[in-house]
Each structure stands twice: as structure tokens, then as C-alpha cells.
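In order, the protein sequences belong to chains Y and C. Everything in the first sequence is counted per the numbering used here, starting at 1 for the first residue and increasing by one. Everything in the second sequence is counted per the numbering used here, starting at 1001 for the first residue and increasing by one.
2 protein chains.
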Amino acid sequence: MARFKQSNNCVDCKCKSSIFKALSSTELDLINNNRYEVSFRAGEMMFKQGTPSPHFLCLTTGLAKLYIEGYGKNLILSLVKPVEYILGPGIYVDNRHHYSASAVEDSTACLVDVTSFKQIMRSNPDFSDEFIRRISIMTIFNFEQFISLTQKQMNGRIADALFYLSDQIYEKNPFEMTISRQDLADLSGMSKESAIRILKELKDEGILSVNGNILHILNPQQLKKISITG
Amino acid sequence: MARFKQSNNCVDCKCKSSIFKALSSTELDLINNNRYEVSFRAGEMMFKQGTPSPHFLCLTTGLAKLYIEGYGKNLILSLVKPVEYILGPGIYVDNRHHYSASAVEDSTACLVDVTSFKQIMRSNPDFSDEFIRRISIMTIFNFEQFISLTQKQMNGRIADALFYLSDQIYEKNPFEMTISRQDLADLSGMSKESAIRILKELKDEGILSVNGNILHILNPQQLKKISITG
DNA sequence: GTTATTAATTGACAAATATCAATTATCGGT
DNA sequence: ACCGATAATTGATATTTGTCAATTAATAAC
């Protein structure tokens, strides 16, 4: 289960460097007074699709996955690393979560009352602009994912997922893939067995090295080509 | 080609009933002074993915499709009917269109300067809240579509598309499908031939009647079942 | 350390879907 | 009403992908 603890305040927090940079100290105080800190173990669910959504979450350490629970399978929308906030579209619609979130690695997060958030959204246009900019970037990313998953074949989708992991999430090239093969499959819209098979193919072709969870993209040009040709 | 004409003003326009209801008359004047009206023939492109996006568009008559141009194929994100605005995520990111828009039926629209829009977004929290609410609804819809296209088989996807057309777009049950079979395929993420075949199957099973472009969902319960079982 | 449990892997096969080619129907412009 | 161009339809086939079952590897709990 999640463990609760109250820590120091928002004013000193590194989260400030993120979306909160536009906030005045008064506004930071408001956030600070309406939040609490939680930690999650790897595998724990942070919140579940369909449940009420009274907070937004700011991930301070660890790694989380956001995923839609579909018909028997999950679809991973994105991975979230520190320091990034998680705030779904339900906040302004029905106050429900429209996707679930789970900790992939041991994680800590701040939960902040949505009411305070919305209040600041209405009074601070810079913050509001920045927030809209961020959800717009997520939407654009969703579009790319949409095209990848609906129009590319499996090799192209895995290539896209590998670049996503290497470039956006772990930001290294030999990287330790802390998500499971099933997660990789859920991120690429295919069965776990297919994902594994394609990793193996890429390995056999010398494009990728696979040692357990340590992946190394050996030939990015070739992998990019696979991503484009689908 | 698109024909331009200046018409009466926003204050009397039925668009007011939509997102603009939160605007003061001063703000409506600002919009009114920074807009122009355009008409499009069926098939004409309204704007193209990748081009600069200096306006937002409010569809006043007709029907439009919003679609991502992928690798050889298109993916229709949504259909837009009057009175609805079209404003992509690029506005707050890179000032580019991230999808294309085309008129499916003869259409007219108002183009409004984005700068005026953003100005009002910053000064009118009610308007801003309403706008965020709307893009959130679109995001939620995209999620549903995402699940439909990535986790359901063709029958389920066509079922979803048929309900979308009947319930959301044409709002009738025997309805005239003004989009082409190719568009239906682009909306369901499959080849045109497959889309046609499934329409035929549904027809043979007595669930749907198909007479040219007049479609009639004869057995909604059964079709809903197909949607759910995938 | 040992064992129980879960994750990863592999192969064989079945199902779903796209592609290609060939017709047929439909529609806008004479 | 006729003609050319485009859209819709159909069938045959190849490709892609998932499913199932069996095995091996890795991990966590004792």
C-alpha cells in the first residue's frame, strides 16, 4: 500500500522548474497547503480509470505508466518520469480518471488538490497558457502514436517504441528497460509474444542488442528506416 | 477554390450559442473584427497538416473531416458539423496544423485570428475553462477511438463508426452517409474493401440496411453487442 | 539456498486483414 | 440521354498477427 508522508514545501521543490515556474509565492503556498506526498512500490496502482479524480499528481521520483484498460488488454498511453505532472482530461469534464496509472519503478509523488489548481488556472494566465501548451503537446504525441499504432506494421511500431524509450524516457542508448515485455507490447499495440519475436528479429539483424533488460540500439539509422517504412 | 465573403456580425451569429456564450460584447466585437467568412465546396481542403495555423475555424454550415495524413493512408480523427469550432493543438505549441481538414459537404466557415482568441483566453476565465473543457472532451473521445482502433477487430470498429455517424454526426437513424466508403474505412482504420465487406456482412445478417448511401441500423442491440465483443 | 511463482521465450497453427485485379455502379458535365 | 471519370463492389490470394501450448529463465518468499 501507498505510504503517506508530509515533506518540505513546494517553494524549494524541484517541481518548480516544471509547470510551476509561472506561479507566484502566494500561489505556491496555496498548492503547498493542499498537497500531500505519497510513495508507491513498483507495480502499485496510483489511480484507476473510472474513479473520481480529486487531485493531480506530480511525480517526484520513479517511473509511472499511464494506460487505458481496454477489452482484455491495456494500451499504454505514455510513461511519465520525474518531474512531470499527471492530470487527465476528466478534470474539466466529469472529474473521473480516463486512464489508470501504475508505478513501474518505486516512485514518490505529490498529490495536489484540483480545486486549488483550477483556481490558479483562472487567475494566472501565464500558468494557464503553459498548462494548455503542455496538454497540447500530449495531444500531438497521441496523434503520432495513433498513426504509429493504426498504420504501421509491428516492426515499425516496435521501432517507434524503442526510440521513445531510449530518447524520451531513459535518455540513454544502452538503456535498462524497466518496463516488462508485456508493457512494451501494450505500448506497441500487439501481443507480448509478437513483441518478443520482433526484438529477437532486430537482434538477429544486428540492429539491436538484447541482454535481458539491457537494450542497445546498435544501428539507429536502420531502425529509423524500419520506423518509417512501417 | 474557396470563396470569401464578409457577412453580418458575431453578435447575431448562432455560433454564440456554442463556445462563445461566455464572451462579453466587447470580446465578441474583437472576434468579429478579426474574422472573415469562407465557403468550401465538397472535397475542398480547408487546411493542410504541417502548414501554419494563424486562425481558428468555426464551421457554420456543411460537414468537415479532420484527418491525419499518415503513411499512404489517412486516419480520420473526427467529423465536424455546425456549429463547432476547429482549433488544433498546434496553436499553443508550434503554430502548425497537426491534422488536415476537408469539406465533406459544401460548407461555410468563419476564420478567426488566433491572436484575438488567445487574448480572450487570458482575460476571460469562463471562456478559458469552457475551451479547456472542450479540448478535454475531444481528448476523451480520442481515447475511446484509440481503444476501438487498436483493440477491436474490424466488425467492432465498423459498429463503433456506425454509431458515431448515427448518434453524433447525422443524429438520425436511417441516415444518409455523406462520407465515402473510403472515409468510413479511414475512420475505422482498415482498407476500403474491408469496410465494404463488413457493411455487406451486417446487411446479410439483417442488422443494417444498406441502400447506396442510406444506412439504417435495424438492430442496434445486436450492433452494440458487436461493438463490445470487438 | 530452495522452492513457488511469475515473466520470458519459442514453435506451430489459426484467424484476421490487406492487397491485387477485375467488374459494376454512380455521378457530373455535356 | 450519353460519356468519361470516379467510387463501389467482389473474389482470390498473400501477408500479418494473434492464440495456444510447452518450455525455460528469472525473481521473490521462505
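Think of the CB as a built atom: it goes at the ideal place given N, C-alpha and C, for glycine as much as any other residue.
- Counting C-beta pairs closer than 8 Å gives fewer than three between the region 1201-1221 of chain C and the region 1094-1112 of chain C, which falls short of the contact rule.
- At a beta-carbon threshold of 7 Å, the residues of chain Y lying near H1098/C are I140 and F143, ordered along the chain.
- Comparing C-alpha distances from F1127/C to each of I86/Y, L59/Y, L75/Y and Y92/Y shows the shortest one belongs to Y92/Y.
- Per DSSP, the unbroken beta strand (DSSP E) holding M1046/C starts and ends at M1045 to F1047.
- In this chain, the beta strand (DSSP E) harbouring V1080/C covers N1074 to V1080.
- By the criterion of a C-beta distance shorter than 6 Å, I158/Y is surrounded in its chain by S188 and I198, once the five residues flanking it on both sides are discounted.
- A residue is called buried once 16 or more other Cβ atoms fall within 10 Å of its Cβ, and T1060/C is buried on that count.
- In this structure, P1054/C and D1113/C form a Cβ contact; the two beta carbons are roughly 7 Å apart against a cut-off of 8 Å.
- By the neighbour-count definition (other C-beta atoms within 10 Å, threshold 16), R1035/C is a buried residue.
- For T61/Y, DSSP records a beta bridge to T108/Y.
- Interface criterion met: the Cβ of T150/Y is under 9 Å from a Cβ in chain C.
- CA-to-CA, the gap between Q1049/C and R41/Y works out to about 42 Å.
- Along the region 91-118 of chain Y, the positions whose C-beta sits under 9 Å from a C-beta of chain C are I91, Y92, V93, D94, H98, Y99 and K118, read in chain order.
- Under DSSP, the beta-bridge partners assigned to R1096/C are P1052/C.
- Chain-ordered, the chain C residues with CB closer than 9 Å to the CB of D129/Y read Y1092, K1118, M1121 and R1122.
- One Cα belongs to I135/Y, the other to G1090/C, and the distance between them is close to 11 Å.
- Neighbourhood of I1068/C in chain Y, by CB distance below 8 Å: F143, F146 and I147, in chain order.
- In the DSSP assignment, N211/Y is bridged to I214/Y.
- Within chain Y, no C-beta atom comes less than 9 Å from the C-beta of K1203/C; the nearest is roughly 25 Å away.
- When DSSP reads this structure, L66/Y sits in a beta bridge with S78/Y and A101/Y.
- Looking at the backbone, the Cα of L1077/C and that of T1108/C are separated by about 20 Å.
- Taking 9 Å as the cut-off, the Cβ atoms of F1163/C and L1223/C count as close.
- Burial state of K200/Y is exposed, judged by a 10 Å Cβ sphere holding fewer than 16 other Cβ atoms.
- In this structure, N95/Y sits away from E27/Y, with a CB-CB distance that is not shorter than 9 Å.
- Chain-ordered, the chain Y residues with CB closer than 7 Å to the CB of R1133/C read Y92 and V93.
- Annotated three-state conformation of S1136/C is helix, per DSSP.
- Within chain C, the residues placing a beta-carbon under 8 Å from that of L75/Y are F1146, I1147, T1150 and Q1151, ordered along the chain.
- Sequence-ordered contacts of the region 185-209 of chain Y with chain C read G189 [C-beta pairs closer than 7 Å].
- The Cβ atoms of N155/Y and L215/Y do not sit closer than 9 Å to each other.
- Pairing L149/Y with L1149/C gives a Cβ-Cβ distance under 9 Å.
- Around the beta-carbon of Y1085/C, 16 or more other beta-carbon atoms lie within 10 Å, marking it buried.
- Within the DSSP bridge table, the entry for E1084/C names L1059/C as partners.
- Distance from the CA atom of H98/Y to the CA atom of I1132/C, rounded to whole angstroms, is 16 Å.
- About 5 Å separates the beta carbon of C110/Y from that of E37/Y, a gap short enough to meet the 8 Å contact definition.
- For the C-beta of Y71/Y, the chain C residues within less than 9 Å are, from N- to C-terminus, I1147, Q1151, K1152, G1156, I1228, T1229 and G1230.
- In the structure shown, the three-state DSSP call for Y1071/C is coil.
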